[in-house]
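One structure below.
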Amino acid sequence: MTNFKKLSIGEDSTLFRGNSKEVLGQIPSNSVDMVLTSPPYDDMRTYNNQKAFTFEDFKSIADELARVLRIGGVIIWVVGDAVIKGSESGTSFKQALYFKEIGLNIHDTMIYQKTGFNFPMVNRYQQIFEYMFVFSKGSPKTFNPIQDRANRCAGELLKGSERQKDGTLTKKRVKEISAFGTRTNIWQINTGYMKTTTDQFAYDHPAMFPEKLAEDQIISWSNPGDTIIDPFMGAGTTGKACKKLDRKFIGIELDKSYFEIAKKRVS
Ligand SMILES: C[S@@+](CC[C@H](N)C(=O)[O-])C[C@H]1O[C@@H](n2cnc3c(N)ncnc32)[C@H](O)[C@@H]1O
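Going by the numbering used here, the first residue of the sequence shown is number 6, and it counts up by one from there.
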């Protein structure tokens, strides 16, 4: 007897309403190319009075994600830490080290820098980022780097030289520096009302990540036709981006009202 509901939208999107721990158990091993998700962390939100998401809950879902991921697949884990009694919780690091313990690589620790923030802080600088950990099962099989960093020296000639056996230097090649280079692993992304998404109705969800974040991560680490899972689907941001970018999507969400928002966005 299962405690979840399944809904197919078109041929490529499957949404489940239920607990990820249970739903992931139905998914075959080594069948998923990418996981893109943001888990509930440090009880920063209550998500319609859900029970607290414990480290044990995290571990059971992380184990399942590692199992369903294909060799060469990646998990993008978007997470931050609460400040509790004057000290950051460190939950994000504990989770990252757990993924390493169960055999994944911490391929990169990327930063997602927000443009919006809430309260001025009196004894520290404004907290304006979250981690986007990239965990991989072996070496990532796909990397499509986004090239949108304006080169300061665009148009200038890059001159190389090569030392010959007799010690002399000869010019090797001359290349013009292109207008744009590969971006860094710190991404500044617009956040806030109607910037995270222009789907006004979606703001009933309290903690969406921006559509731009989802789209750029999907482009970077997967190809059209790949299968992507979001085990904490929320308002369906990952699913909407998968639809736009021709990836297959599997989303799982516990809460009925968030599930309904996701259904509308993925449709
Ligand atoms: C940080 S939010 C994700 C937001 C999402 N990235 C978006 O852009 O809308 C985390 C979500 O996980 C859901 N959730 C918490 N525990 C869950 C579980 N065990 N299984 C499935 N969903 C869960 C919460 O209801 C919440 O909507």
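Ideal Cβ placement from N, Cα and C applies to all residues, glycine included.
Is it true that the CB of residue j sits closer than 7 Å to the CB of residue i?
i	j	result
I233	R252	yes
V37	V73	yes
Q326	T187	The structure shown does not extend to residue 326, since the chain is modelled only from 6 to 272, so the question has no answer here.
I111	A101	yes
Y117	W226	no
V83	S144	no
K26	S65	yes
I76	K164	no
A246	A212	no
T147	N54	no
G91	M39	no
For residue i and residue j, which I take to be in contact (beta-carbon distance under 8 Å), what is that distance rounded to the nearest angstrom?
i	j	result
F140	I80	4 Å
A87	S94	5 Å
D235	L41	6 Å
S18	G244	6 Å
E5	L162	A question about residue 5 goes unanswered here, because the residues of the chain that appear run from 6 up to 272.
I194	K217	5 Å
I14	S272	5 Å
F138	T114	6 Å
Excluding sequence positions up to five away, which residues of its chain have a Cβ less than 6 Å from the Cβ of residue i?
i	result
K119	I133 and T196
V28	F9, F21 and I257
G85	E135
R50	P211 and A212
Looking only at its own chain, which residues have a Cβ that is under 8 Å from the Cβ of residue i, when we skip the five neighbours before and after it?
i	result
A267	L20, M238, G239, A240, G241, G244, G256 and E258
Below 7 Å CB to CB, which residues in the same chain sit around residue i once its five sequence neighbours on both sides are set aside?
i	result
T175	S166, E167 and Q169
N149	I224 and S225
K261	R22
F214	S43, V83 and T242
(message) As an exercise, report each continuous alpha helix (DSSP H) stretch of at least 4 residues that is fully enclosed by the region 64-109, in chain order.
(response) Here the runs fully enclosed are 96-106.
(request) Could you tell me which uninterrupted beta strand (DSSP E) segments, each at least 3 residues in length, are contained entirely in the region 214-255, listed from first to last along the chain? (result) Correct list: 232-235.
(message) Ignoring anything shorter than 3 residues, give me the beta strand (DSSP E) runs that lie fully in the region 146-192, in order along the chain.
(response) With a minimum length of 3 residues, the continuous beta strand (DSSP E) runs that stay inside the region 146-192 are 162-168 and 174-181.
(message) Could you check whether the region 238-254 touches the region 145-158, counting it as contact only if at least three pairs of C-beta atoms, one from each stretch, sit closer than 8 Å?
(response) With the cut-off at 8 Å, the region 238-254 and the region 145-158 do not touch.
(message) I'd like to know if the region 196-203 and the region 6-17 are in contact, where contact means that at least 3 CB-CB pairs between them fall below 8 Å.
(response) With fewer than three CB-CB distances shorter than 8 Å, the region 196-203 does not count as touching the region 6-17.
(message) Tell me whether the region 20-34 and the region 54-74 touch, counting them as touching only if at least three CB pairs, one residue from each stretch, are closer than 8 Å.
(response) Touching, yes.
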